[in-house]
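Protein chains in written order, with our numbering: chain A, 880 to 1235; chain B, 880 to 1235.
The C-beta atom is built at its ideal place from N, Cα and C for all residues, glycine as well.
For clarity, every value in this text was computed on a predicted model and none was experimentally measured.
These notes concern the structure reproduced below.
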């Protein structure tokens, strides 16, 4: 039962400082269709800005015909859309992929599925009128600090095609309440199918540019085997399933104890590449697999899908695994390829249980 | 600037598993009078129960004349009170007190000040009628698990005098919304002046007993120099002040950088022993101290008090300290006495800043 992970390197004080700030979703939260406020994961690169909705503006500038300066009243008076979106950090699973990048040391909890309300981005950009020479939009947040020796405002850049999609929002509510400060109050970008790092919080500025943007964050979130190589960009969420922790637990180790007899496993699965079509369970450490029952297909593939599985728990130690397949045919791997940033570790979840 | 803490022991995987669940308040949250939902600290010993308000009951039983079984409708139909309460974990500062108890490795973020709504406990207990032989009330939550080799429901016990005070609530709302699951939905105990461990979440049962209760948690939260000794019980919050992180920061180290010139420090202070009467700042590593300006005295000493301090930041490295004094005369120490559980580390906060 006790994990004998000889590769574990103790968490540094800097990593602990991040873990104390960057909230994970309790995996019990997988039982809720909509993640309750305060359970959703959080990453805050620098500090939470002291924002005031009354004086907040979002500028649309750069290579546009009609630069805009939008107040929160302006944004709220535009067409409003509410949609559930599964958001996940690209670093989810980082601490399980040694040697570990020194950043936020996630185990598996960097996810959540909130109902976001906001106004679609595209009509707003159409109103500003992107000039023909513009090829990208750069989004700038109010959080400011130093990373990799670069003093910066947090920024992300997208090709016009990647960000001018129907489902991209400027979001100002979460689960029906104004965005809490830590989620980007008063307004943030929301790009549903991509990992969370690009959904810029505390949004101040949208700038149309004629050259590919190469800001620090964009160049940091890349899959690199060679630390100095170009790497591949991190974009859409890889397919993943997680389970509600079965049975009961102990403190502080969080081992799992399950009663013998008929049992029930459940959880959620999602992908940035389309609907979830299959979730499989192994109760024998991956030797055999059985299909889980899928819940209703969500209205949009941006929202996670429920799964459940009945099993007969027999006395002894078992390793439970869960893996998902999306409509594009992506299947979770048993091991995800290591990379310098510790990104996109969507290896199948393994849960040791002691049945008694 | 870089911390040279040679006593740091890397965080274990079990500790990281706790840190990923037990949310800390971002210290930027000290700027808000009421902590926004989702920023308040959290400790969950076992798992978050799957509770349903419609079928939830709280039993009042044991040595009472008239045992009660209260639905949430019953509780909500009783007199309702809303009050701001500063809640803090007794383990706040544990990771700064080596050698470290293996538990939740808090730095300084285990605090929050929410507005709690609920019904006062005492009238309810008077209605049940405590029998003369009863000396304590035991509160039982629905979270269940194993700690210290003891399988248990989470429980806390109080003398009648300690818990039948005017300000003790059965709370069912936080900041005007139903308690989120992770805060004890649908109802929890709230004992304002004590550390958070006694404010039992997911409350199921209140039992009057004739013998001193000696449950696992009560015997665990004690100040012990000798691991097998009786130790002193952990009860009221020790006096403490914390500051909003000054200036800007870097990722992931969270060093602090401040612009030279007139500057402003601010934060909050609280105590379980009465109102805050003084907050002092040192900008020279503790050699000299100056009084901070205090904000308005809160209506109740259960709520934290704002403080602020103007200073002229001069180029170079500085160590900023803040310490509070409460009306009972308690002053924060420069170093708090070590103990086996890592409890009540209310040593003055020290913040290294580089002024540039």
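Residue i - DSSP class collapsed to helix/strand/coil
i: residue 1121 (chain A); result: strand
i: residue 879 (chain B); result: Absent from the model: residue 879 (chain B). The displayed extent of chain B is 880 to 1235, so no value can be given.
i: residue 959 (chain B); result: coil
i: residue 873 (chain B); result: As displayed, chain B neither begins before 880 nor continues past 1235, which places residue 873 (chain B) out of reach and without an answer.
i: residue 902 (chain A); result: coil
i: residue 1004 (chain B); result: helix
i: residue 1206 (chain B); result: coil
i: residue 850 (chain A); result: The question about residue 850 (chain A) has no answer here: the residues shown for chain A are numbered 880 through 1235.
i: residue 1043 (chain B); result: coil
i: residue 925 (chain B); result: coil
i: residue 1095 (chain A); result: helix
i: residue 1193 (chain A); result: coil
i: residue 1031 (chain A); result: strand
i: residue 933 (chain B); result: helix
i: residue 1026 (chain B); result: strand
i: residue 978 (chain A); result: coil
i: residue 1228 (chain A); result: strand
i: residue 1065 (chain B); result: coil
i: residue 1103 (chain B); result: coil
i: residue 1213 (chain B); result: coil
i: residue 890 (chain A); result: strand
Own chain, CB closer than 6 Å to residue i, minus 5 neighbours either side, in chain order
i: residue 1215 (chain A); result: 1224, 1225, 1226
i: residue 977 (chain A); result: 886
i: residue 935 (chain A); result: 951, 1065
i: residue 1169 (chain B); result: 1160
i: residue 1024 (chain A); result: 925
i: residue 890 (chain B); result: 984
i: residue 1164 (chain B); result: 1198
i: residue 1008 (chain B); result: 943, 944, 945
Test item: CB-CB of residue i and residue j under 7 Å
i: residue 983 (chain A); j: residue 918 (chain B); result: no
i: residue 892 (chain B); j: residue 887 (chain A); result: yes
i: residue 1222 (chain A); j: residue 899 (chain A); result: no
i: residue 1155 (chain A); j: residue 1205 (chain A); result: yes
i: residue 1142 (chain A); j: residue 1190 (chain A); result: yes
i: residue 907 (chain B); j: residue 1085 (chain A); result: no
i: residue 1174 (chain B); j: residue 1115 (chain B); result: no
i: residue 1146 (chain B); j: residue 1186 (chain B); result: yes
i: residue 947 (chain A); j: residue 1020 (chain A); result: no
i: residue 1117 (chain A); j: residue 1158 (chain A); result: no
i: residue 1027 (chain B); j: residue 1095 (chain B); result: yes
i: residue 1201 (chain A); j: residue 1228 (chain A); result: yes
Same chain, Cβ closer than 8 Å to residue i, five either side skipped, listed in chain order
i: residue 1013 (chain B); result: 941, 942, 943, 1039, 1087, 1088, 1089
i: residue 958 (chain B); result: 998, 999, 1002
i: residue 933 (chain B); result: 951
i: residue 1135 (chain A); result: 1124, 1125, 1126, 1127, 1128, 1230, 1231, 1232, 1233
CB-CB length for residue i against residue j, believed under 8 Å
i: residue 1017 (chain B); j: residue 1034 (chain B); result: 6 Å
i: residue 1071 (chain A); j: residue 1181 (chain A); result: 4 Å
i: residue 964 (chain A); j: residue 920 (chain A); result: Not really, about 13 Å apart at Cβ, beyond 8 Å.
i: residue 1138 (chain A); j: residue 1126 (chain A); result: 7 Å
i: residue 985 (chain B); j: residue 903 (chain B); result: 7 Å
i: residue 1075 (chain B); j: residue 922 (chain B); result: 7 Å
i: residue 939 (chain A); j: residue 1048 (chain A); result: About 15 Å separates the two Cβ atoms, so there is no contact after all.
i: residue 1057 (chain A); j: residue 1059 (chain B); result: Rounded, the Cβ-Cβ distance is 16 Å, inconsistent with contact.
i: residue 1051 (chain B); j: residue 945 (chain B); result: At roughly 22 Å, the Cβ-Cβ gap does not stay under 8 Å, so residue 1051 (chain B) and residue 945 (chain B) are not in contact.
i: residue 1068 (chain A); j: residue 995 (chain A); result: Wrong, their Cβ atoms sit about 11 Å apart, outside the cutoff.
i: residue 987 (chain B); j: residue 1121 (chain B); result: 6 Å
i: residue 1131 (chain B); j: residue 894 (chain A); result: 7 Å
i: residue 1110 (chain B); j: residue 1101 (chain B); result: 3 Å
Closer than 6 Å: residue i CB and nearest the ligand ADP heavy atom
i: residue 1047 (chain B); result: For the structure depicted, the ligand ADP is absent and the ligand set is empty, with no information on it obtainable.
Contacting residues, own chain, Cβ-Cβ under 7 Å from residue i (five flanking each side not counted)
i: residue 1219 (chain A); result: 980, 1103, 1106
i: residue 1193 (chain A); result: 1139, 1234
C-beta neighbour in chain E for residue i, strict 7 Å
i: residue 889 (chain B); result: Protein chains A and B are contained in the structure displayed, whereas chain E is not.
| task | Below 8 Å between beta carbons is the criterion; list the residues of the stretch 977-1008 of chain B that meet it against any residue of chain A, in chain order. | result | From the stretch 977-1008 of chain B, only 981, 982, 983, 984, 985, 986, 988 have a Cβ closer than 8 Å to chain A.
| field | Where the stretch 1009-1026 of chain A meets chain B: residues whose CB sits under 7 Å from a CB there | value | In summary, the residues of the stretch 1009-1026 of chain A whose CB is separated from some CB of chain B by less than 7 Å are 1023, 1024, 1025, 1026, in the order they occur in the chain.
| request: Identify each residue in the stretch 893-908 of chain A for which the Cβ-Cβ distance to at least one residue of chain B is less than 8 Å, and report them in chain order. | output: Cβ contacts with chain B: 893, 894, 895, 896, 897, 898, 899, 900, 902, 903, 905, 907, 908.
| Which residues, in order along the stretch 917-928 of chain B, keep a beta-carbon less than 9 Å from a beta-carbon of chain A? | Under the 9 Å Cβ criterion, the stretch 917-928 of chain B contributes 917, 918, 919, 921, 923, 924, 925, 926, 927, 928.
| query | Using a beta-carbon distance cut-off of less than 9 Å, what residues from the stretch 1032-1046 of chain B approach chain A? | reply | So the list is empty, because no residue satisfies the distance condition.
| said: By the 7 Å beta-carbon criterion, what residues does the stretch 1188-1200 of chain B contribute toward chain A? | reply: Contact residues of the stretch 1188-1200 of chain B toward chain A are absent (C-beta to C-beta distance below 7 Å).
| Between the stretch 1056-1073 of chain B and chain A, which residues of the former have CB atoms less than 9 Å from a CB of the latter, in chain order? | Residues 1056, 1059, 1060, 1061, 1062, 1064.
| Given a limit of 8 Å on CB to CB distance, which residues of the stretch 1103-1137 of chain A reach chain B? | If you check each beta-carbon in the stretch 1103-1137 of chain A against every beta-carbon of chain B, the ones closer than 8 Å belong to 1124, 1127, 1128, 1129, 1130, 1131, 1132, 1133, 1136.
| message | Closer than 9 Å between beta carbons: that is the criterion. Which residues of the stretch 929-958 of chain A meet it against chain B? | response | Answer in chain order: 929.
| task | Would you list, in chain order, the members of the stretch 1090-1101 of chain B that have their beta-carbon closer than 7 Å to a beta-carbon of chain A? | result | Taking 7 Å as the cut-off between beta carbons, none of the residues of the stretch 1090-1101 of chain B comes near chain A.
| task | Closer than 8 Å, Cβ to Cβ, to anything on chain A: give me those residues from the stretch 1140-1162 of chain B, in chain order. | result | So nothing in the stretch comes that close.
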